[in-house]
Amino acid sequence: MSLRLEPFTKTELQRIHGATVRVLEQTGVRILEAEAERLLLAAGAQGDPDTHVVRIPEALLKELIMRAPSRFKLYGRGDRVMAFGEGNVYMSSMGTAVQVEGFDGKVRFPTLKDVENFTRLVDALPHLDHTSWVVWPRDVPDALAHIYLVIYGFRYGTKSVDGYNWGRSFAQDTIDLGAIVAGGLEELRKRPLLMGFTNPVSPLTLAKETTEGLLVFAKNLQPTTIPPEAMAGGTAPSTLAGVLVQQNAEVLASVAVAQCARRGAPVLYGNVSTIMDMKTGAVALGAPEAGLISLGAAQIARYYGIPSRGTGGNTEAFTEDYQAGLESMWTLLAPALAGFDFIYDAAGSLESSLTASYAKLILDHDLCGEVKRIIAGIDVSEDALATEVIAAVGLEGDYLSHPHTLRNFRKEHFLPATFMRGLRPTTVSVDRALKEKAHAKALEILASHVVDPPLDPAVDAELDAFLERARRRAAPTPPVPP
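If you're matching positions, the sequence shown starts at 99 in my numbering and goes up one per residue.
Spelled out as structure tokens, the structure:
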């Protein structure tokens, strides 16, 4: 049994689909990548060569959507496998923060050491199923950062890893690195290791660089998530239904591009949309409306038979406080109850994902475990109903010493590693106790965790050789002597 919350009736879903079709047929989508535009036009869409606005008729849209697989798998370097489209809910750490809150509580720029640390932590944390790029390192050139991130993902972890879809060249780098680890390009295509990301630009635009990456990943059968981050009242209508219609058009247009590039290319229907805070103009990822949009988006994805990717664990809070806990819980629980196959950003995020926190990664890991327990529901098997145990214990006995308790409590009760239960702490102030406990847990993992299996030394050397070639490629050309 898995708990599921769906806000729409079948009739309401059909109305959303009809509104989306009108947007795609009448307003259209601006496609700023030439190959993608050509592919859609060749398939039967109508376009304006001056504005690059492409209009997709409903019949063509349905044909292309039907090509997208309803089930596929993403593999880790070890034995971890994520099976999408089979009712599972997977969770990942946050992605590409440009700041990090260190163990001293100070906020600073991330480094490669942070990339290593976060990768090893995620590898060790069982409720996180995928290794994201938690931070974007600032101590290496931007032109090489994606290569370091992919290599570190494979070197210091065993789960599936993020890929990089920004531009054709960088996306191809990611594919080439994955092929090294997989044992060749064909092996990578058979057993995908990389999760790509392409974000439509709201309203109704597919940017050049991210669409180039989408094409590269589609042609190489690496799954790509397509999550718009539309802001209601800013880059999308202020009504939540309007947001869902617009982002549906953006996602489906991207799915159509991927299927034109390669029939059966695996994609995930994505969502990061929320509201714009009308008082500040800022994105509000922790808003209650973000959870409502999640509930709707996951149901819409199922309507089309496409696996889905949501976002959760988000907050605008600057530190691990009441606001952070409240917003993170709701924005994670909502997409989990919605039934997203994959929830990105589930752990480690502060300040609208600008900042990654070691403490919050550990705390959110407990939160991920709690949410997974909630959506698992209540077992009503004969053993769980426990009538024989109730009769055996009777009116004056206890259940603590009964074998039934020992047999069941670990699967029935979630046991947090860091959340405070029991007596008030006396050795540290209450407001610092939770954060210090989380820091201690992170440091304990970093001191003891062994990546198993380790990366094959020959493969590791080949990755380093690729990095060295990329360094030479990125180095400025010396001036020609007179």
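Even for Gly, the Cβ is constructed at its ideal location relative to N, Cα and C.
### Where H115 falls: helix, strand or coil (DSSP)
Here DSSP, grouped into helix, strand and coil, assigns H115 to helix.
| query | Does the distance from the CB of M293 to the CB of Q270 come in under 9 Å? | reply | By the CB criterion at 9 Å, M293 and Q270 fall outside the cutoff.
Would you be able to state if there are at least three C-beta pairs under 8 Å between the region 387-405 and the region 100-116? Yes: at least three Cβ pairs fall under 8 Å.
According to DSSP, residues forming a beta bridge with A181: BP columns for A181 point to K171.
How big is the Cα-Cα spacing for F201 and V370?
Distance between the alpha carbons of F201 and V370: 29 Å.
Next on the checklist: Short of 6 Å in beta carbon distance, which residues of its chain neighbour G255, apart from the five on each side in sequence? Order them along the chain.
Outcome noted: Excluding residues within five positions, the ones whose Cβ falls inside 6 Å are T217, D221 and T229.
Determine contact between the region 169-185 and the region 256-264, defined as no fewer than three beta-carbon pairs at a distance below 8 Å.
With the rule of 3 Cβ pairs closer than 8 Å, the region 169-185 counts as touching the region 256-264.
> Whose C-alpha, out of E285, E494 and H463, is nearest the C-alpha of A444?
Replying inline: Looking at the Cα atoms, H463 is the closest of the given residues.
task = Please say whether Y173 and L291 have beta carbons closer to each other than 9 Å?
result = Their beta carbons are under 9 Å apart, which means L291 touches Y173 by this criterion.
- On the three-state DSSP scale, how would you describe M189? In the structure shown, M189 sits in a strand (DSSP, three-state: E or B).
G410 beta carbon less than 9 Å from that of S392 | G410 sits close to S392, with the two beta carbons spaced by under 9 Å.
- Item | Cross-strand partners of G368 (DSSP beta bridge) | For G368, which the question treats as bridged, DSSP gives the partners R407.
| message | With a threshold of 8 Å, are at least 3 pairs of Cβ atoms found where one atom belongs to the region 232-243 and the other to the region 147-154? | response | Not touching, per the Cβ criterion.
Just checking my contact of A536 with L465 at CB under 8 Å: how many whole Å lie between their CB atoms?
With 8 Å as the limit, A536 and L465 do not qualify as a contact, their Cβ atoms being about 11 Å apart.
Item checked: Residue burial classification, T308 (beta-carbon count within 10 angstroms, cutoff 16) -> By the neighbour-count rule (16 or more Cβ atoms within 10 Å), T308 is buried.
Margin query: Judging by CA-CA distance, which residue of V549, L275, A540 and C358 is the nearest neighbour of I245?
Written below: Selected option, being the one with the closest Cα: L275.
(Q) Along the chain, where does the beta strand (DSSP E) containing D212 start, and where does it finish? (A) Taken as a continuous stretch (DSSP letters only), D212 belongs to no beta strand (DSSP E), being part of the alpha helix (DSSP H) at L210 to A222.
- Message: What would DSSP say about E199, mapped onto helix, strand or coil?
- Response: Strand at E199.
Using alpha carbons as the reference points, say which of I324, F315, E123 and I273 lies closest to A359. When C-alpha distances from A359 are compared across I324, F315, E123 and I273, the shortest belongs to F315.
Check your understanding: Are the CB atoms of G72 and P405 nearer to each other than 9 Å?
Key -> Shown here, the chain extends from 99 to 580; a query on residue 72 therefore has no answer.
(message) Does the region 474-491 come into contact with the region 106-124, if we say contact requires no fewer than three beta-carbon pairs (one atom in each stretch) closer than 8 Å?
(response) Output reads no: the region 106-124 does not touch the region 474-491.
For F512, which three-state DSSP category applies?
Looking at F512 - three-state DSSP - the assignment turns out to be coil, as it is neither helix nor strand.
Simplified DSSP assignment, three categories, for M518:
M518 falls in the coil class under three-state DSSP.
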